[in-house]
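Down below is the structure, laid out as structure tokens.
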Amino acid sequence: MQMLTDRSKVVSDKKMTFMERIYIPAIVKGMFITLKHFFGKKTTISYPEQKREFSKVYRGQHVLKRDDIGRERCTACGLCAVACPAEAITMIAAERKPGEENLYREEKYAAVYEINMLRCIFCGDCEDACPKEAIFLTDRIVASQYKRKPFIYGKDMLVEPLDPSKRIDISARQTENVNKFKLEKRFAHNK
Amino acid sequence: MPLLKVTIDTIEVEVEAGTTIMNAARQIGGSVVPPAMCYYSKLEGSGGKCRTCLVKVSRSSSKDIRPLPKLVAACRTAVQDGMVVQNTTSPEVMESRQAITEFLLLNHPLDCPVCDQAGECHLQDLSYEHGLEDTNTVEERRTFEPVDIGDYIKLHMNRCILCYRCVMVADQLTDKRVHGVLGRGDHSEIGTHISKAIDNDFSGNMIDVCPVGALTDKTFRFKSRVWFTKPLDAHRECPTCSGKTAIWMKGSEILRVTGRKDKYGELEEYICNDCRFHHKDASDWIIEGPRAIERHSVISQNHYEKLKTPGTTEPEF
Chain H
1 MQMLTDRSKV
11 VSDKKMTFME
21 RIYIPAIVKG
31 MFITLKHFFG
41 KKTTISYPEQ
51 KREFSKVYRG
61 QHVLKRDDIG
71 RERCTACGLC
81 AVACPAEAIT
91 MIAAERKPGE
101 ENLYREEKYA
111 AVYEINMLRC
121 IFCGDCEDAC
131 PKEAIFLTDR
141 IVASQYKRKP
151 FIYGKDMLVE
161 PLDPSKRIDI
171 SARQTENVNK
181 FKLEKRFAHN
191 K
Chain R
1 MPLLKVTIDT
11 IEVEVEAGTT
21 IMNAARQIGG
31 SVVPPAMCYY
41 SKLEGSGGKC
51 RTCLVKVSRS
61 SSKDIRPLPK
71 LVAACRTAVQ
81 DGMVVQNTTS
91 PEVMESRQAI
101 TEFLLLNHPL
111 DCPVCDQAGE
121 CHLQDLSYEH
131 GLEDTNTVEE
141 RRTFEPVDIG
151 DYIKLHMNRC
161 ILCYRCVMVA
171 DQLTDKRVHG
181 VLGRGDHSEI
191 GTHISKAIDN
201 DFSGNMIDVC
211 PVGALTDKTF
221 RFKSRVWFTK
231 PLDAHRECPT
241 CSGKTAIWMK
251 GSEILRVTGR
261 KDKYGELEEY
271 ICNDCRFHHK
281 DASDWIIEGP
291 RAIERHSVIS
301 QNHYEKLKTP
311 GTTEPEF
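The listed protein sequences derive, respectively, from chains H and R.
When we follow my numbering, the leftmost residue of the first sequence carries the number 1, and every step to the right adds one.
When we follow my numbering, the leftmost residue of the second sequence carries the number 1, and every step to the right adds one.
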């Protein structure tokens, strides 16, 4: 039969020599390989104390951004939910009432916004679909839980804090196009 | 009366005398049909305002083989025997359509994420197909103070493109129209003059004929995006109208009731306000079956049959 590769070895059951039969040279050879790795470069790190450097565009836990004056950017347009391949995002919209202009940027906002982190595959499609620069994936890791329920992240977990010093920096994710979009007035969203 | 032979985008069709280019193209169907923002075949006198249906007539008739000097509005121009019309095959037409789209969007706000019409908006479809990626203008868009025109209909004058369809539907469906276009030029706006509420039994049809999100259903306002709802054909015994409607459901809840629209976005039958606004219980309706939605429509992207609200994405244990 013709072989597909040339890596096959002919197997033989010829009798082992005395040196092969006492196995000691083979054990010593194996131990030498093991000992050699004691002095080589380690490939693991001790995780909680040491942390690996993340990619600038690492796709971890989502954040719902606020704008410069602290209003929520999300307007519950549903494009993230329809783009989501895992169907992890659900929301309920509500109308902004007079007096809430400092809370929400547009006349419609997300009263409930939930991401099921068990369903989420962190593909970043929601971020791409968002027309309002509201949802971003960040380099934060979704914490492990004992139960399933706490993995459903509501607005309390997703919206970034109002305090400017505690805002979540996503500037590394904002491409040149995005920044241009924000700076140029003619691209500005309707007021 | 012999039939007239017209060629639209190299496809020949025979139509009766007096047919417009638009209707001749609709007899062929498909991509040769020019888009229409103001023309509505069920409304007499509609059309000729938005100019999106401009087409090139490269041969006026079999007797006069000269082309027409300018692009003509397909909805207002009657066909001649031997006429040769170019729609998508003419670069001139496509260029003008792009310009018209830009004009229509001059004052139209970019609030599709907020607008309830998004997903079934004709202007959205038009600008998706023919619009520019960004705008050439730096001027502020025209804005109006919000006006309350009644309990059921929400008017967003900023979004209006002044197609006059809602005015015509009120004229031709009811005996007394209470709203109209006030002001002139840039100040034209839909209004009820002496803040009179629109309370006619058939006023809800204004919502369906509106090509944009200027007139929307207050009972559906911000309830759901269109593509998360499931459209079904349904009917009920109604003393005032035919009762044949499309209901838009989310789970077992009826979020919205509209008339049934054909492939050009025109109502098959007008329905009354009672059917539209007051019957949101599934037991009120006899469901005929799912509505056929075009495969490329965002509404058919809906894969949320089972997920109703937040909190239902994870089963209880």
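Every residue, glycine too, gets a C-beta built ideally from N, C-alpha and C.
At a cut-off of 8 Å between beta-carbon atoms, isoleucine 152 of chain H makes contact with chain R.
Following the DSSP letters along the chain, one finds alanine 129 of chain H inside the alpha helix (DSSP H) bounded by residues 125 to 129. The C-alpha of serine 165 of chain H lies about 13 Å from the C-alpha of arginine 66 of chain H.
For alanine 25 of chain R, the three-state secondary structure derived from DSSP is helix. Listed along chain H is no residue with a C-beta nearer than 8 Å to that of threonine 216 of chain R; the closest approach is about 12 Å.
Classified as buried, threonine 258 of chain R has 16 or more neighbouring CB atoms from the shown chains inside 10 Å of its CB. By the 16-neighbour rule on beta-carbons within 10 angstroms, isoleucine 141 of chain H is exposed. Between proline 310 of chain R and chain H, the shortest Cβ-Cβ separation is below 8 Å.
Using beta-carbon distances, arginine 148 of chain H counts as an interface residue toward chain R, with a partner under 8 Å. Within the same chain, and ignoring the five residues on either side of phenylalanine 277 of chain R in sequence, the residues whose Cβ sits closer than 7 Å to its Cβ are Tyr152, Gly204 and Thr219. Here DSSP, grouped into helix, strand and coil, assigns leucine 35 of chain H to helix. The region 17 to 35 of chain R makes no contact with the region 62 to 70 of chain R; the number of CB pairs closer than 8 Å stays below 3. Distance from the CA atom of glutamine 172 of chain R to the CA atom of cysteine 166 of chain R, rounded to whole angstroms, is 10 Å. With respect to the C-alpha of cysteine 272 of chain R, the residue from R/Arg221, R/Asp208 and R/Glu316 having the closest C-alpha is R/Asp208. The C-alpha of lysine 230 of chain R lies about 43 Å from the C-alpha of leucine 3 of chain R. The continuous beta strand (DSSP E) containing arginine 59 of chain R extends over residues 54 to 59.
Counted as a single uninterrupted DSSP element, the stretch harbouring valine 142 of chain H is not any beta strand (DSSP E), since DSSP gives it neither H nor E. The bridge partners DSSP lists for asparagine 158 of chain R come to none.
Selection R/Lys244, R/Gly311, R/Pro315 and R/Val212 evaluated against cysteine 38 of chain R yields R/Val212 as nearest (Cα-Cα). Counting of Cβ neighbours within 10 angstroms places proline 35 of chain R among the buried residues, the total reaching 16 or more. Taking 8 Å as the CB threshold, tryptophan 248 of chain R stays off the interface with chain H. Here glutamate 114 of chain H carries a strand assignment [DSSP, helix/strand/coil]. Taken in chain order, the members of the region 111 to 128 of chain R whose beta-carbon sits within less than 8 Å of a beta-carbon on chain H are Asp111, Cys112, Pro113, Val114 and Ala118. Short of 6 Å from the beta carbon of asparagine 200 of chain R, and not among the five residues preceding or following it, lie these beta carbons of its own chain, in chain order: Thr174. Going by C-alpha positions, cysteine 241 of chain R is about 28 Å away from alanine 118 of chain R.
In the DSSP assignment, arginine 256 of chain R falls outside any alpha helix (DSSP H) and within the unbroken beta strand (DSSP E) covering 253 to 258. Taking C-beta atoms as the reference points, valine 112 of chain H and isoleucine 92 of chain H count as a pair closer than 8 Å. For proline 231 of chain R, the enclosing beta strand (DSSP E) has its first and last residue at 230 to 235. Residues of chain H whose Cβ lies closer than 8 Å to the Cβ of threonine 313 of chain R are, in chain order, Glu87, Ala88, Thr90, Glu114, Asn116, Arg119 and Ile152. R/Phe228 is the residue among R/Phe228, R/Ala170 and R/Val85 whose C-alpha sits nearest the C-alpha of cysteine 84 of chain H.
Identification of chain H residues near arginine 221 of chain R by a Cβ-Cβ cut-off of 8 Å yields Glu95, ordered along the chain.
Taking a contact to require three or more Cβ pairs closer than 8 Å, the region 78 to 96 of chain R and the region 49 to 61 of chain R qualify as touching. Close to glutamate 106 of chain H, with beta-carbon spacing below 9 Å, are these residues of chain R in chain order: Asp111, Pro113 and Val114. DSSP places tyrosine 264 of chain R outside both helix and strand once states are collapsed to three, so it counts as coil. Here tyrosine 164 of chain R carries a coil assignment [DSSP, helix/strand/coil]. Going by beta carbons, lysine 149 of chain H and glutamate 314 of chain R fall inside the 8 Å limit.
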